[in-house]
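So the protein sequences, as listed, match chains H and Z. End of the first sequence = 123 in our numbering, gap-free, step of one. End of the second sequence = 688 in our numbering, gap-free, step of one. Worksheet: the structure to be examined is printed underneath.
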Amino acid sequence: MHELSLCEGVLQLIEANAARSGFTRVRRVQLEIGELAGVDTEALRFSFDVVTRGTMADAASLAISPIPGQAWCMTCSNTVHVSRRVDPCPDCGSHQLQVNGGDDMVLKSLEVE
Amino acid sequence: MMCTVCGCSEGEQRIEGHDHTHHVHTHEGVAHYGKGPAHAHAPGMSQARMVEVETQILAKNDAYAAANRRWLMAHGVLALNLVSSPGSGKTTLLTRTITDLVGKNVAVIEGDQQTANDAERIRATGAKALQINTGRGCHLDGHMVGHAIDSLAPADDSILFVENVGNLVCPAAFDLGEHHKVAILSVTEGEDKPLKYPDLFAAADLMLLNKVDLLPYLEFDVATCIDNARRVNPTIDVIEVSATTGQGMDRWYAWIESARGAAREAA
């Protein structure tokens, strides 16, 4: 359940931005979560509701854009799409893969008033 | 109120030697913003606008981890973050390691939800140890470990072991500033654990396959297990050990020594 900690991180970023940009209410939160970031989006949604209760993001909608997982296949010498860490290279079936994208968790933007 | 870094409720998280209330658990403006005039806006009267943020969610943890890393580098301390499920034999492995590494300066940070039992087991070996109780928290984070390093003050050129909360999921995502994550898997668990919990094995540089003295009594296929680990992490090192009989422990100590050498070169 580290999704709870992630939502605390989101709230912290919201509060830092509120001070800077002078808003008092958040309507919508836009996140980008990589397929390989190890995040359960259902748990993230649940945690978000819990963590934001009574804050300026109370009842804000949460939009999560998945970012495709990406890895360098050492066998093909090519960048390929993988949606799970246990997946083989879709081209050659090798597991000689190094993840090089889609493992990030980013707060993209906020709709505020 | 929750700690903004670790997600643990205030008062549940304890770091030995620290009054836990030293944490600044402030969500400034929460009461004001949450229940303030914004609620009074009439429908249709809001002036919604977009704020671009574009920031990593774990930016704060990563900043604490980077500060820890700078401290460790400046003091020549090698830090290893030991991650595993509960009951893999982490603490037994550590006490044996400390006892065998005679003459080396070792310090230990112990992470558990509750009790100081593990830190006491480590201190019985004569090594410096400090317990962090995470309360409901499922992992250590850069913030907690930074405070623990402050309290523990590991000696220059020493080895710092951080025994994370027993959990094969959450510790993978949190950088503590360590040089390497070391995953410990015991042969009394399934050989498919690396496939079931790939993030943790992907984040580790070394897998210690522990309790190999029990292999004659188990149906555990070592080759399959190693193959599974390399499917999620092709470059992971694997050492088979038994902290009880001492089998393979020399290779583990040699791995630590080479990690120390690499850390010194990088500093």
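Here a beta-carbon is modelled for each residue, glycine too, at the ideal position from N, C-alpha and C.
* **Close-in-space but distant-in-sequence residues of the same chain around F641 of chain Z (CB under 7 Å, 5 per side omitted)** => V608, E612
* To do: State the DSSP-derived secondary structure class of F56 of chain H, mapped to helix, strand or coil.
  => helix
* Going by beta carbon distance, what residues of the same chain come within less than 8 Å of Q108 of chain H, once the five residues before and after it are set aside? -> A81, W82, M84
* If we call anything under 8 Å between Cβ atoms a contact, is A604 of chain Z one with L621 of chain Z? -> yes
* Would you decide whether D392 of chain Z is buried or exposed? Buried here means 16 or more other CB atoms lie within 10 Å of its CB. => Outside the modelled stretch of chain Z, which goes from 422 to 688, sits residue 392 of chain Z, for which no answer is possible.
* Taking 8 Å as the CB-CB cut-off, is A683 of chain Z touching chain H? -> no
* To do: Return no unless some Cβ of chain Z is closer than 8 Å to the Cβ of G19 of chain H.
  => yes
* To do: Taking the CB atoms as reference points, tell me whether V583 of chain Z and L501 of chain Z lie closer together than 8 Å.
  => yes
* Does any residue of chain Z bring its CB to less than 8 Å from the CB of L72 of chain H? -> no
* Taking just the CA atoms, how far does K614 of chain Z sit from L635 of chain Z? -> 18 Å
* Work out the CA separation of M628 of chain Z and L117 of chain H for me, nearest whole Å. => 33 Å
* Mind checking if M565 of chain Z is an interface residue toward chain H, Cβ cutoff 8 Å exclusive? -> no
* My understanding is that V36 of chain H touches V122 of chain H, with C-beta atoms under 8 Å, so please give their C-beta distance in whole angstroms. => 5 Å
* **Per DSSP, cross-strand counterpart(s) of S71 of chain H** => H:R38
* chain H contact for D381 of chain Z (CB, 8 Å cutoff) -> Beyond the ends of chain Z as shown, which are 422 and 688, falls residue 381 of chain Z; an answer cannot be given.
* Just curious, the alpha helix (DSSP H) that G611 of chain Z is in, first and last residue? -> Note, G611 of chain Z: premise wrong, no alpha helix (DSSP H); not H, not E.
* To do: Measuring only between beta-carbons, confirm whether V504 of chain Z sits less than 8 Å from chain H.
  => no
* Asked: Is C99 of chain H helix, strand or coil when you go by DSSP?
  -> coil
* Asked: Which partner residues does H91 of chain H have in the DSSP bridge list?
  -> H:Q80
* Report the option in H:P100, H:S31, H:S15, H:H91 whose CA atom is closest to the CA atom of M471 of chain Z. => H:S31
* To do: Check whether the Cβ atoms of I543 of chain Z and A537 of chain Z sit closer than 8 Å, and answer yes or no.
  => no
* Asked: How many angstroms separate the CA atom of A569 of chain Z from the CA atom of Q477 of chain Z?
  -> 25 Å
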